[in-house]
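So the structure is just underneath, and the comments pick up after that.
There are 4 protein chains.
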Amino acid sequence: MTQRLPFSCDYLQGCHPAILQKLSETNLEACDGYGSDPYTLKARELILKACQLENGEVFLLSGGTQANLIVISAALQRYQAVISADTGHINCHEGGSIEAGGHKILALPHDHGKIRGDDLEKYMANFTADANNEHMAQPAMVYISQPTEYGTLYSAEELKKLHQICRKYGLLLYCDGARLAYGLAAKDNDVTLPLLAEFCDIFYIGGTKCGALLGEAVVFSRKGLISHFFTTTKQMGGILAKGKLLGIQFATLFEDDLYLKVGQSAINYADQIRTFLKDNGYQLFFDTPTNQIFIIISDEKLKKLGEKVSYSYWEKYDDQHTVIRLATSWATNAQQVEELLKVLKEI
Amino acid sequence: MTQRLPFSCDYLQGCHPAILQKLSETNLEACDGYGSDPYTLKARELILKACQLENGEVFLLSGGTQANLIVISAALQRYQAVISADTGHINCHEGGSIEAGGHKILALPHDHGKIRGDDLEKYMANFTADANNEHMAQPAMVYISQPTEYGTLYSAEELKKLHQICRKYGLLLYCDGARLAYGLAAKDNDVTLPLLAEFCDIFYIGGTKCGALLGEAVVFSRKGLISHFFTTTKQMGGILAKGKLLGIQFATLFEDDLYLKVGQSAINYADQIRTFLKDNGYQLFFDTPTNQIFIIISDEKLKKLGEKVSYSYWEKYDDQHTVIRLATSWATNAQQVEELLKVLKEI
Amino acid sequence: MTQRLPFSCDYLQGCHPAILQKLSETNLEACDGYGSDPYTLKARELILKACQLENGEVFLLSGGTQANLIVISAALQRYQAVISADTGHINCHEGGSIEAGGHKILALPHDHGKIRGDDLEKYMANFTADANNEHMAQPAMVYISQPTEYGTLYSAEELKKLHQICRKYGLLLYCDGARLAYGLAAKDNDVTLPLLAEFCDIFYIGGTKCGALLGEAVVFSRKGLISHFFTTTKQMGGILAKGKLLGIQFATLFEDDLYLKVGQSAINYADQIRTFLKDNGYQLFFDTPTNQIFIIISDEKLKKLGEKVSYSYWEKYDDQHTVIRLATSWATNAQQVEELLKVLKEI
Amino acid sequence: MTQRLPFSCDYLQGCHPAILQKLSETNLEACDGYGSDPYTLKARELILKACQLENGEVFLLSGGTQANLIVISAALQRYQAVISADTGHINCHEGGSIEAGGHKILALPHDHGKIRGDDLEKYMANFTADANNEHMAQPAMVYISQPTEYGTLYSAEELKKLHQICRKYGLLLYCDGARLAYGLAAKDNDVTLPLLAEFCDIFYIGGTKCGALLGEAVVFSRKGLISHFFTTTKQMGGILAKGKLLGIQFATLFEDDLYLKVGQSAINYADQIRTFLKDNGYQLFFDTPTNQIFIIISDEKLKKLGEKVSYSYWEKYDDQHTVIRLATSWATNAQQVEELLKVLKEI
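Protein chains in written order, with this note's numbering: chain A, -12 to 334; chain B, -12 to 334; chain C, -12 to 334; chain D, -12 to 334.
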């Protein structure tokens, strides 16, 4: 059987070769467990340095839903709630995880996956003015994602505005960076790691979708923001005995800017595909600057495409058209893109 | 700096070389995510076959605390509780995980880490007879570990008795097999995988401590025992996007009986060390048939030992003696054991 | 100080005099605790009879938020969610109770406080068709209120349609009847208690707002729908030692149709007020058939009104107008209404 | 049918006549809801005064299990646990409530229902010394009851010692006073309300078993100890719309020292019964100074007793004897005691 071209998502392959090599080299080295190994230590240092954080903290977790669940559960008191775009990953595709952890998600309408500052300001002003708000779950955190679930990006200006509103109302700002590498590498992106660290109280740097086998690095912009985070993580099943598995991967990703490089390659291919699509009469559902490409395609063409390319179904557009997503990743190569374009031309 | 001899626990190194090789070979292969890859499929088949289960189900999770939390939470209704030995891992060293998931642990006194059938029978008879038991959390599951936290083993006879009491009172029997490979390989062990599958409703086959980088294989002895286990796992942060990372490891461990072999090697070395200790005037805290060795040692000797060997502190024995634990693993080799015995002789 | 006229809500006074008398008569009578007293038994019988339920069950709880929390928590598995109108009481004014109990609320847009059958059908059709829905909390119950938070009523036809959609998709239908007495008594209401019992799996008959000091009667339309409901109620702090306090109240309310009478009196006064308002140039925010009246009033008039009448603020209408709520109750009397109308005429 | 003499527990009857009268007098008075009525305000003031607390806070809840659940859930962070005697009510008879709220109970062996200071000190010293204690739920509160579930009392000296150990290790001390009136009135009791307020961070004054229809007054010894307690209470279903029902009862109980008087009467009768028992050859299971009396009685006599007296089964003593509990209450009267003694004499 011929394998279809892998463009359905960005977590299809294993890990970046540099990580595999490091895992091999260190395989039989004995290290202390639970994140106290030297690789985890090194990863923490490299990440804090990349974020220009002098007083920050880093914890390595296994996956995105896990990171969101543990961070949000640990940060909120039991009477508190988290604000999210209605399209937020925590609100849609994590099995009711945040609520199972005890917290309400207060969903705001999204703008291409983003929360508008004005909507947040208005929501908080109304809540604060409500004389009966002690009968309601208390908003205490804002959850955003960069890039968003729609592949869009907050600008530095937009992020700053959210930051200021959060400060004004005593809210924590938390950013889900599952695909952060692809955001950092996007053309015109002006939200760097240090800037993310300045404007967010907590964020995570995605590994699973950005070159690692598994792993997300949760960054707290100041030490002691959350007490006993290790115990909460243990309690929620998030501590790996062989913590070095995560440490080695992030130490590798943050050495010599590898994390930026894996993102850049994916973005270059995605831009190439987007240009091709526009030049060849394809209609984008909306334009995106990152590794996710959303296309409106006729069902007839889609059938043919599906024979040769693995893609993600997004939603029905109309009776005869469908919205699909193609995604590049660190593992995408020139030959795959060439073949994809050929297929897109032929169908 | 000279590395100390690694005998403190069984999760110090990476993974068995056969696993590393398979991870390398398949690294750039694109696979569907979330456990729908062919390696996970194969691992499931091999495990069911090894357990002689025709109608069972297997789910691959990342770690022991996670497996216990998700299995117990998924299996119990919110008014139900789980019975454990007071020394049970869930009762002592998992950060209050089960309770954070909403369930009470009903602790029975242990016998070298094991629950006595008679104690369980008596407890359930009393509960059932109590006219006010609707005011109490309802016992619905028994949690055991094989080997136990004390390195001891249930015999087939003992397991069968627990099984029968569980049937009588409508309790699920769940076995934590974090170190199962070392139990299966122990001399005189008569609890095989098929027998475990016959007597337990649910158990997990430990990977993290038995040759894998991470991973535990949860086995349900019959399909449909727990509804929507995938969603519950997702909700609790236990689904890896790159599920093949777990699939490849367990497929490798269960091909050509590798899982039995990694256990056998560790047991052989542990037996060798135990024999040496007895022959050389050391006192065992109690005798164990698996890869964990408990020694009562004078504080003076301990100080010298600690300079060359990494061990685990267990508890104070008296003013001048301490109980320590040494553990072998799949990664232990002849040279390390030789050097350990040399140190034990000299101090 | 002169007391303002009490129209802000329907829980300002104590209990119906017939209840107070019965509490006095039985005060020193010794009864078994926790709901096993003869009055609770009698209340259960009378309620089942009024609902024409031969195989139903009744549990008496203390308050509405408590009833919603315990019923929904007890009925749902941990991977399940409840569908509600976005204006549903559980979604807005219960402190995040359902989520703190572990369950996501899936909010549908409301139509004057009601869920449209078509919206529900569409939502469930989409969910069922979604290939990735195992990554999402599983909808398992629909929460409605009768009357709604906006004082509106489902017709028998609308309720039947919701019932049929719930059957089709395996959803439980649960109705919050905090103000049910006022719904039952409303002109043109065609949803009787037996009909409610036929179309809903679970509902509660409100006591607190309908003549009792406290208490809500949860009705299960068939026995055994929920296992160990007593233990779950105990666990969530919902069992009163002196259960007869609830039993006496509901036994009184359901003897000689008192429950219908207390509602009728409130509706008559509300209708009288509504007629007056329309005849005197007041604008209703929207028309309602129950004991809640929503008025758009100029801020100038509102200031004067507030000096003599206690009302509820609802929301700002525009720069110079406000929406307020007036509520009648079983305790409203002719003199109070007369004085209210006088005030409304004068301001 | 002749009613048996009511000595099985202290929550059989309604409320003290003074409360009933006040409820009657105020029944039709309109009051704001949710605890903002003048009676609740007055009750809070009277209680703080009785406790000599200048900076304390009082919240009125409905029942004991509810109070324990809400207080402990609100006071603990999610990684924290509560220490209790193994016989503690929260550990035995509240349906797993604390665990359902997410927190582990760390059970210490009891001494007639009490925690020994030395046991607590030793437990905390061990925990603090354990290098791996970050893998464990963190003890943060000590739960005691006064009187205990065994009817015994802590002395001021014992309470002070617990207080000091709690201070040393940063633990909150919380006292369950479900039967506090009977403790305060006991001969030789030296733990007054002000002293309880001095040594405990939080405690509750029992109403349900001490003269009220329902209600427990939670006292925080300093304001702001717990943030947003109202919202947490709302979230857990503990807010009554008609808060005045609780306010009126506690305002009555704390006017003119009624709370002390209702306890005194019960203690006098209990002492009279105990003296009689000793004088007439009955054997007490152990001696208690409060309203609960534990008797070892032959099964033959018990059968006869049960025909005329309602009692509580406690446990089997041996093949031919049983331990039972008799309880007096505020509602016990001279005639009932006289008849009881007559029965005890005759059987």
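Idealized CB from N, CA, C, for every residue including glycine.
- Look at residue 241(D) here: in three-state DSSP terms it is coil, with no helix or strand label.
- Cβ-Cβ separation between residue 327(B) and residue 260(B): approximately 7 Å, consistent with a contact (criterion under 8 Å).
- Residue 143(A) places its beta carbon less than 8 Å from that of residue 182(A).
- For the 8 Å CB-CB criterion, residue 130(B) and residue 71(B) form a contact.
- Residue 331(C) and residue 232(D) have their C-alpha atoms roughly 32 Å apart.
- Of all residues in the region 192 to 216 of chain D, only 214, 215 and 216 come within less than 9 Å of chain A when Cβ atoms are compared, listed by chain position.
- Within chain A, not a single residue places a beta-carbon under 7 Å from that of residue 161(B); the smallest gap is close to 16 Å.
- Beta-bridge analysis with DSSP links residue 162(A) to 131(A) and 190(A).
- Listed along chain A, no residue sits closer than 9 Å to residue 164(B) by beta-carbon distance, the nearest being about 15 Å off.
- The region 107 to 126 of chain A makes no contact with the region 243 to 262 of chain B; the number of CB pairs closer than 8 Å stays below 3.
- For residue 53(A), no chain D residue has a C-beta closer than 9 Å to its own C-beta; the minimum C-beta separation is roughly 16 Å.
- Your pair residue 127(C) and residue 54(C) does not check out as a contact, with CB atoms roughly 18 Å apart and the cut at 8 Å.
- Between residue 163(D) and residue 20(D), the gap from beta carbon to beta carbon reaches 8 Å or more.
- Rounded to whole angstroms, the Cβ separation of residue 253(A) and residue 317(A) is 6 Å, and the two are in contact under 8 Å.
- Judged by DSSP in its simplified three-state form, residue 204(B) adopts strand.
- Restricting attention to -4(D), -3(D), -8(D) and 3(D), the CA atom closest to the CA of residue 238(D) is found in 3(D).
- At a cut-off of 8 Å between beta-carbon atoms, residue 221(D) makes contact with chain A.
- Assignment of beta-bridge partners to residue 312(B) by DSSP yields 281(B) and 299(B).
- Listed along chain D are 79, 80, 81, 82 and 83, each with a C-beta nearer than 9 Å to that of residue 123(B).
- Taking the beta carbon of residue 65(D) as reference, the chain B residues within 9 Å of it are 83 and 87, listed in sequence order.
- Cβ-Cβ separation between residue 309(A) and residue 289(A): approximately 6 Å, consistent with a contact (criterion under 8 Å).
- Membership of residue 67(A) in the beta strand (DSSP E) is indicated by the continuous run 67 to 72.
- In the three-state reduction of the DSSP assignment, residue 26(D) falls in the helix class.
- Under the Cβ criterion of 8 Å, residue 90(C) is counted among the residues facing chain A.
- Per DSSP, reduced to three states, the secondary structure at residue 93(D) is strand.
- Against residue 11(C), the close residues of chain D are 7 and 11, in the order they occur along the chain (beta-carbon pairs closer than 8 Å).
- Within chain C, the residues placing a beta-carbon under 7 Å from that of residue 68(A) are 83, ordered along the chain.
- Taken in chain order, the unbroken stretches of beta strand (DSSP E) that lie wholly in the region -6 to 49 of chain D and span 3 residues or more are 44 to 48.
- A check of alpha carbon separations from residue 86(B) across 219(A), 145(A) and 56(A) identifies 219(A) as the nearest.
- Secondary structure at residue 169(D): helix, using DSSP grouped into helix, strand and coil.
- Within chain D, the residues 66, 121, 122, 123, 124 and 125 have their CB atoms less than 8 Å from the CB of residue 218(A), given in chain order.
- Residue 285(B) does not reach chain C, its nearest Cβ partner there being about 50 Å away, counting only Cβ pairs nearer than 8 Å.
- In terms of Cβ geometry, residue 34(B) and residue 199(B) do not form a close pair [threshold 8 Å].
- In the structure shown, the three-state DSSP call for residue 323(C) is helix.
- Residue 329(D) is outside the set of residues whose beta carbon lies under 8 Å from a beta carbon in chain C.
- If you ignore the 5 residues before and after residue 161(D), its C-beta comes within less than 6 Å of the C-beta of 128, 130 and 189, all in its own chain and listed in chain order.
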